[in-house]
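In this note's numbering, the protein residues as written are 2 to 221. A short write-up of the structure that comes next.
What follows is the structure in structure tokens.
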């Protein structure tokens, strides 16, 4: 399905599963900034919204409730994505409100969450950079879980490098990373291309850089 179709299915599914305050916060809190994040950052990377929860409710450190813009949740993994707007209300918050916001984020980290924040302007004007950050955080959390039993040690390590970097990798950095000379490193890259786990990012006959194949861009 297209982004618009999948997005509507995603939103409807969460609306139907909620009631009370959780439903109200989803309807009122999920706005243009959150939708733009999904359209320009998340969808180009993954083409699905699996394990992603909008306006996710968590216990607040003051015994109340708070809502995260997006929560990505799998066993052993909890990542919070926040999209912050820049507006007049930011200039009007008190020092205590500012400190309270910092304390809330600290508590999420203490509770085992990884917190990633983007500004609305970043999502709108620099979506590719935001995509790279998302790929990097997934690479750190999930790169060690690549389970391709038919691959060699070196092949797995190159894939981990590509996932963690979140952008094109170059033969020279693969040589340095694997501590191999030119020919053995290129052999590993060639094998991964043949298995369609890497594809050329630049060059044709003489490949100058590589990126993850489309079916492994989502390492989850």
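Think of the CB as a built atom: it goes at the ideal place given N, C-alpha and C, for glycine as much as any other residue.
Check                                                                                                                   : Outcome
Residues near residue 140 in its chain [Cβ-Cβ closer than 6 Å; skip 5 each side]                                        : 164, 165
Opposing strand residues paired with residue 75 [DSSP bridges]                                                          : 78
For residue 66, the residue or residues it bridges with in DSSP                                                         : 60
Distance, residue 125 Cα to residue 4 Cα                                                                                : 17 Å
Residue burial classification, residue 89 (beta-carbon count within 10 angstroms, cutoff 16)                            : Unreliable positioning characterises residue 89 in this predicted model, as indicated by a pLDDT of 49, which lies under 50. The coordinate reading is nonetheless provided below. Exposed, because fewer than 16 other Cβ atoms sit within 10 Å of the Cβ of residue 89.
Rounded C-alpha distance that separates residue 135 from residue 37                                                     : 15 Å
Contiguous beta strand (DSSP E) assignments of at least 3 residues, all confined to the stretch 92-170                  : 115-120
Cβ-heavy atom distance, residue 21 to the ligand ADP, below 7 Å                                                         : This structure lacks the ligand ADP, and indeed carries no ligand of any kind.
At least 3 beta-carbon pairs within less than 8 Å: the stretch 108-126 vs the stretch 154-164                           : no
Nonlocal neighbours in the same chain, by C-beta distance under 7 Å from residue 27, ignoring five residues either side : 15, 16, 19, 55, 56
Nearest to residue 23 (by Cα), restricted to the options 121, 33, 61, 68                                                : 68
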